[in-house]
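In my numbering, the protein residues as written are 6 to 164. In this text, a Cβ means the ideal position worked out from N, Cα and C, and glycines have one as well. Working notes, structure below.
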Amino acid sequence: MTIPLIGYARAQGDEMILKLISHIAGMEYRYFPSRSTAEQMVDGLLYREFLRRMALFADAYSISAHPLYFNAQKLVERPDEYEQVEEDYAVLRRMRESYARNISRMALFYMKRAREGSEAARRAYRVYEPLLLMYGIGGYIMKEHGFIEVGGGAFHQGS
C-alpha cells in the first residue's frame, strides 16, 4: 500500500477496509471451506448488506441495473487504470489464488480514485466492505451454472 492511500483511509475512517484486504491476502486459500450453520448465516447477512449497499449506490446515481450486474467502473473516470491497481498495491499479488482478489482490487481502485477527488468512487469503495468482512472471516461466494451460493443458500443470478 502507498502511504497516501493509508492516510486517505484514516482520514475517512475507513482504515479497516485496507486492514481487511491485507488480512485476506495473508490467509491460506481453501477451495471450499466448511462453515458452521452460524457462520453460514453471518455470510448470508453480509452478502445481503452488500446487495443493499449496491442497490442504494445504483439508485443514487440513477443506474438501471440489477446489483449483481452493476459495474461502478463506468461512473469513475479513467476506468482503464483498473488493471494497473495490482502494480500500485503489491498486496494484491499475494492473492493469486484467492476468490477475494477481484473485490479487493475494486475496493482499492475506487479508494484510489476517491482520493483523487471522484465523488462516485468515494461512495463505491464502501459498498464492498461487507464482502471483504465476509472473506476476512472465511466466508465465500460460489458461482456455478448461473447460480450464486452464499451462506448455505443458492439463488439464480437474475432473481
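Cβ neighbour criterion (16 or more within 10 Å) applied to residue i
i, result
"S109", "buried"
"R35", "exposed"
"A159", "exposed"
"L50", "exposed"
"K117", "buried"
"G144", "buried"
"F152", "exposed"
"R106", "buried"
"L61", "exposed"
"A43", "exposed"
Nearest candidate by alpha-carbon position, reference residue i, set the options
i, options, result
"V96", "L50, S67, S27 and M147", "S27"
"Y104", "G12, M32, D19 and M21", "M32"
"M21", "E154, H150, Y133 and V155", "Y133"
Anticipated Cβ contact below 8 Å, residue i with residue j, distance rounded
i, j, result
"P135", "R58", "7 Å"
"M139", "D48", "5 Å"
"A30", "R99", "4 Å"
"A125", "Y52", "In fact, because the Cβ distance is near 23 Å, the residues do not count as touching under 8 Å."
"R120", "L10", "6 Å"
"L23", "A14", "5 Å"
"F114", "V90", "5 Å"
"I146", "V155", "5 Å"
Limits of the alpha helix (DSSP H) - the one that residue i falls within
i, result
"R106", "R106 to R120"
"E44", "T42 to A65"
"A126", "E124 to V132"
"S27", "E20 to G31"
Residue i beta carbon near the ligand MG (any heavy atom closer than 6 Å)
i, result
"S27", "Absence of the ligand MG is noted for the structure shown, with no ligands found whatsoever."
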